[in-house]
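2 protein chains.
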Amino acid sequence: MEMEANNRVNVLEEKIKGPTNPMVTPLLTDLYQFTMAYAYWKGGKHLERSVFDLFFRRNPFGGEYTIFAGLEECIRFIANFRIGEEEIAFLRQCLPPTCEDAFFDYLRGIDCSDVEVYAVAEGSVVFPKMPLMRIEGPVALVQLLETPFVNLINYASLVATNAARHRFVAGKSKMLLEFGLRRAQGPDGGISASKYCYMGGFDATSNVAAGKLFGIPLRGTHSHAFVSSFMVGITLDDSNDRLIDKQFKLLFASADEIVDKSLCSSNGATTCEDFVGLVQSWLNKLQYTESLRGSFGETNQSELAAFTSYALAFPSNFLALVDTYDVVRSGIPNFCAVALALNDLGYKAGGIRLDSGDLAYLSCESRKFFCAVEKEFGVPGFGKINITASNDLNEETLDALNKQGHEVDSFGIGTYLVTCYAQPALGCVFKLVEINKQPRIKLSEDVSKVSIPCKKRCFRLFGKEGYPLVDIMTGVNEPPPKVSERILCRHPFNESKRAYVVPQQVEELLKCYWSGDSGTPREELPPIQKIRERCVQQLDQMRPDHMRRLNPTPYKVSVSAKLYDFIHFLWLNEAPVGELQ
Amino acid sequence: MEMEANNRVNVLEEKIKGPTNPMVTPLLTDLYQFTMAYAYWKGGKHLERSVFDLFFRRNPFGGEYTIFAGLEECIRFIANFRIGEEEIAFLRQCLPPTCEDAFFDYLRGIDCSDVEVYAVAEGSVVFPKMPLMRIEGPVALVQLLETPFVNLINYASLVATNAARHRFVAGKSKMLLEFGLRRAQGPDGGISASKYCYMGGFDATSNVAAGKLFGIPLRGTHSHAFVSSFMVGITLDDSNDRLIDKQFKLLFASADEIVDKSLCSSNGATTCEDFVGLVQSWLNKLQYTESLRGSFGETNQSELAAFTSYALAFPSNFLALVDTYDVVRSGIPNFCAVALALNDLGYKAGGIRLDSGDLAYLSCESRKFFCAVEKEFGVPGFGKINITASNDLNEETLDALNKQGHEVDSFGIGTYLVTCYAQPALGCVFKLVEINKQPRIKLSEDVSKVSIPCKKRCFRLFGKEGYPLVDIMTGVNEPPPKVSERILCRHPFNESKRAYVVPQQVEELLKCYWSGDSGTPREELPPIQKIRERCVQQLDQMRPDHMRRLNPTPYKVSVSAKLYDFIHFLWLNEAPVGELQ
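In the order they appear, the protein sequences are chains A and B. Under this note's numbering, read the first sequence as residues -14 to 566, first letter to last. Under this note's numbering, read the second sequence as residues -14 to 566, first letter to last.
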């Protein structure tokens, strides 16, 4: 078979790296996958060719769309799937002693060279019931893949979707920073969150490890502890070690802590020998400026020392957390004094971060102050200084800020984003749909839990205006939908819901990402930046009513008429006939 | 200093292993920890001796207690803390080019030999505001530890607490199985969940990797896919490949699939050549048994084939998922036919799993059937066959099952447990409380966010009945509370809340777990089974009203009178005086 396009590669040409997290091994699965493997093997069924679909049943967060993510990690996993001797030894201990030796020889020999994986492109917008992945191979082996695949897709897709939803509310012009590492569910909860939030439309992360692993831009300022470390000293008592009531006294003022006060100008031409003094003189000027008068009095001196010290370390990247004491009466004037001193030496200050209080009000007050400084002292661009807000932000608080009006340029979002607080799990499942060319259906008294049988192809049909109209599943050997040809799309379970569609464009959704050594050409695994672009572009392409935060219109997911008939035949055949007593 | 007890070890004697997850490296931190490190270094402050407290502000899940977990991973992290050349190279790229080379030399040289960590024992019951860990060391270095420590403690403590809460509702007699890997937040969300759920009182996990890493018992049955794989075959059409309406026909009955039908008896004395026939004959007997008559008719044959096949693979460990078709009319009679056939050969069946429907009703019906079989055929113990229930269980559904009455012996709990669905984040923080022997306070307009300054000692005071009464923080050099001596315990922020206590027992909570090369003896890191025992024992020791699921009584957390006075002096000194306009 010929290479069809540039983005297809032959598996044999390229070594695919292992999973990002080395803990993702064949043992990262449920015990019952191994007991079933043994039962299949013992019954001589283990090599039966099976087809499994990976899909979810409901969009998360009350929305009507989901971002598919985690594919690359799944492919990295199977590309390197091998059960080593140490793992075999452990499995022997886990399974009953009656299990035969030859089974462990079988496990010793397996890899994924006879597995094929078809999947939607990572970063795509996807919908319930549609297969995100179709996995084909020997039944015992593919069952071993179930748990790691579902694990790798569930959280990745959930958090990418959460990121996309935050981006939607924040708007395109804002900078979105993921700050969730410390609150994430474990170390790679944090690393995965950084990766998939970037994929879902965030701009940067605070997580250094994720920056290194995935090339995600890094951002950060400083914490309250930095400011506190410059706090005015207070002794506990004379002996400096025992607490004795009321024997406290002030020790020293904190600007004294700064030893090296000199700063070279941005162009290297001059050196200011007393940058601390320059800052202080700007603070005095600000205090005596008519237009700013009354907005503040004495600012906090330890905060000023902390800012000054940070500016001496990062003259080109001076950022300040301004809410340790009082944003309006201390943090902002202190920041401006330092920023103006830096400006004298040719440096442009980076911005401020607000981490508490009324972010709408405080951002507007800060902006007003910056604009007043720009006007008063003729510093071009000072009014546009970047304002970052953080502090337990989520979709709701972003929406409330938008409604109220604010001057925030960047949002730092942590806990609610990375733990997916509004819904911390996506329910991806992995269901057998065919074995030995025989279709399989999973029944349930709950109709929404009935799985759609057969090895299927999946298509997205686009309307005249370029929006996706409907996704449709067909049997794998049915003729595919064609542009400009009328096709009947049926709800898989509801007889009365159906519609004719004349697509203006047809996109096949499932493409081959892993073909083992079958020789089938497979899609390249794109770099994360490409996946992110795809995600942004796919979200842009959706009809706006599907994307609304409140009461969005459900996107339609359908089956072909033939598949519909077959599902219902199989269902009737398998379902027990009730008996009312 | 002399070794005081057996459970203390000298750091120099023993090499502590690295973190379980190799992704836990010094770069698993927020960028601002490195920018602050640079600013401290540049200002000559980086070696200032600092003390940070790690604590949380509110118990999760609406409860009044939390389990402290994650300590061992923190210690493993610092015991192996070293920034390698590759990491230094990456940090150079992340920081502005103006950062001086000597800073990177400093980073190259640091390890945690001059850090000390005092902590509550892992698996302890803990409360808000009390330090769980006190970390002392050079300020720049300890700041680098903030993010990984908080990450490693937050989720571990959250999920251990969730597990303890599930155990509390389920009761001590039930077997609790953690089945959450596929829905966990990423791969080590799954592995950590298994570890810390076990610590919090679960009995086993389905996660093979966690079983291997931590020695946690493993459990599992089989999935619906295993049953479906034996489903009666249906062709799509004559050519077996294209979907053509209404051209479906049955292919073959599935018991035919079983090739090797022989099973050796448990004692090895005899071999049953046709186990399939034996099962079928038992099914017939069940169908014609007066006391069971009418409860079922024809059972599903593919389900029977699946059960039979599984029993042939695991005659000593036969477990069956009985809800693929209909629990009462198919799954239970099929299970019993196989179990009785096994019984003929001297094997005892393991049990059933229910994964859908009304678990209370179905477990009771199953129990009735088992008891009827025991009576009818005189099989001792058959009535007590283990019933496992799964399917989106959580505290509420367990509670509802208890109220309704059920016959479940084991619960398999996944999504709600491991993602901590009811509250997916714990808000542990890491605050500077002292630097250069100067106490530090973090102020906030929100009183609950004000941190408690000073390097502190922490004690738990016990009352006459053996219950813990109150936790108290004191300055590190205050005389500690003594048994039988009256001590005043004050609420840290509320002037009017205080109480005298005469403790019958005093336990010091913070012990040294890492002393670098200072030579201070440190506590041993106990094996997970010991931590689990501690946790169970600590929970047992609590006064029952603190443990109630609804409206529990808050446990009291206090400060000494001296510490109270000092906090409020410092607070007044630091807080800006407002000005109403």
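Using N, Cα and C, we set each Cβ at its ideal position, and we do this for glycine too. Quantities reported herein were computed from a predicted structural model and do not represent experimental measurements.
Would you mind sorting residue i into buried or exposed? The rule is 16 or more other CB atoms within 10 Å of its CB.
i: A/Ala484; result: exposed
i: A/Thr256; result: exposed
i: B/Glu242; result: buried
i: B/Ile73; result: exposed
i: A/His151; result: buried
i: A/Thr538; result: exposed
i: B/Thr311; result: For the record, residue 311 of chain B in the displayed sequence is Asp; it is not Thr. Counting Cβ neighbours within 10 Å, B/Asp311 comes out buried, since at least 16 surround it.
i: A/Tyr549; result: buried
i: A/Lys369; result: exposed
i: A/Gly504; result: exposed
i: B/Ser191; result: buried
Closest Cβ-Cβ distance between residue i and chain B: below 9 Å?
i: A/Leu271; result: no
i: A/Asp223; result: Only weak support exists for where A/Asp223 lies, its pLDDT of 39 falling under 50; the value from the coordinates is given anyway. No, no contact with chain B.
i: A/Gly336; result: no
i: A/Tyr183; result: no
i: A/Thr256; result: no
i: A/Arg442; result: no
i: A/Met160; result: no
i: A/Glu559; result: yes
i: A/Trp267; result: no
i: A/Pro113; result: no
From the beta carbon of residue i, is the nearest beta carbon of chain A less than 9 Å away?
i: B/Asp173; result: yes
i: B/Trp556; result: no
i: B/Phe66; result: no
i: B/Asp431; result: yes
i: B/Asp329; result: no
i: B/Val124; result: yes
i: B/Pro409; result: yes
i: B/Leu344; result: no
i: B/Tyr91; result: no
i: B/Gly69; result: no
Excluding the 5 residues preceding and the 5 following residue i in the sequence, name in chain order all residues of the same chain whose CB lies nearer than 6 Å to its CB.
i: B/Gly196; result: Leu203
i: B/Val154; result: Glu380, Leu383, Asp384
i: A/Val324; result: Reading off the sequence shown, one finds Ala at residue 324 of chain A, where the question assumed Val. Excluding positions up to five away in sequence, the list reads Ala334.
i: B/Arg519; result: Gly108
i: A/Ser250; result: Leu330, Gly331
i: B/Leu289; result: Asn319
i: A/Ile120; result: Phe37, Val102, Val127
i: B/Val313; result: Glu350
i: B/Val364; result: Asn328
Return the chain-ordered list of same chain residues with a C-beta closer than 8 Å to the C-beta of residue i, the five sequence neighbours on each side being excluded.
i: A/Leu454; result: Leu446, Phe447, Gly448, Val486, Pro488, Lys541
i: B/Asp259; result: Lys246, Ser247
Does at least one heavy atom of the ligand NAD sit under 8 Å from the Cβ of residue i?
i: A/Arg204; result: In the structure shown, the ligand NAD is absent, as is every other ligand, since no ligand is present at all.
Kindly list the residues whose CB is nearer than 7 Å to the CB of residue i, restricted to its own chain and excluding five residues on each side of it in sequence; keep chain order.
i: A/Arg77; result: Phe89
i: B/Glu57; result: Glu107, Leu510
i: B/Thr404; result: Arg168, Ala169, Gln170
i: B/Arg93; result: Ile68, Ile73
i: A/Pro133; result: Val9, Leu13, Thr14, Phe62
Hey, which unbroken runs of the beta strand (DSSP E) at 3 residues or more fall wholly within the region 283 to 331 of chain A? Qualifying beta strand (DSSP E) stretches, in chain order: 304 to 306.
Is the region 66 to 86 of chain B touching the region 146 to 158 of chain B, taking contact as three or more C-beta pairs under 8 Å? Between the region 66 to 86 of chain B and the region 146 to 158 of chain B there are fewer than three inter-stretch CB-CB distances shorter than 8 Å, so the stretches are not counted as touching.
May I ask you to verify whether the region 459 to 476 of chain B touches the region 529 to 536 of chain B, counting CB pairs closer than 8 Å and requiring at least 3? No, the region 459 to 476 of chain B is not in contact with the region 529 to 536 of chain B.
With a floor of 3 residues, list each beta strand (DSSP E) that falls wholly inside the region 94 to 176 of chain B, ordered by position along the chain. If we require 3 residues or more, the beta strand (DSSP E) runs fully inside the region 94 to 176 of chain B come out as 101 to 104, 118 to 123, 160 to 163.
Between the region 392 to 405 of chain A and the region 341 to 354 of chain A, do three or more beta carbon pairs fall short of 8 Å? By the Cβ test, the region 392 to 405 of chain A is in contact with the region 341 to 354 of chain A, since at least three Cβ pairs between them sit closer than 8 Å.
Please go through the region 336 to 383 of chain A and give each complete beta strand (DSSP E) segment of 3 or more residues, from N-terminal end onward. Within the region 336 to 383 of chain A, the complete beta strand (DSSP E) runs of at least 3 residues are 336 to 339, 371 to 374.
Take every Cβ of the region 417 to 433 of chain A, pair it with every Cβ of the region 31 to 39 of chain A, and state whether three or more of those distances are shorter than 8 Å. Taking 8 Å as the limit for Cβ pairs, the verdict is that the region 31 to 39 of chain A does touch the region 417 to 433 of chain A.
contact_flag[the region 273 to 288 of chain A, the region 326 to 343 of chain A] where n(CB pairs < 8 Å) is 3 or more: Segments in contact, no.
Taking one C-beta from the region 536 to 555 of chain B and one from the region 197 to 216 of chain B each time, how about it: are there three or more such pairs within less than 8 Å? Fewer than three beta-carbon pairs drawn from the region 536 to 555 of chain B and the region 197 to 216 of chain B are found closer than 8 Å, and the two stretches are therefore not classed as touching.
Which parts of the region 409 to 436 of chain B are runs of the beta strand (DSSP E), unbroken and 3 residues or longer, counting only runs that do not cross its ends? Fully enclosed beta strand (DSSP E) runs of no fewer than 3 residues occupy 414 to 420 of the region 409 to 436 of chain B, in order along the chain.
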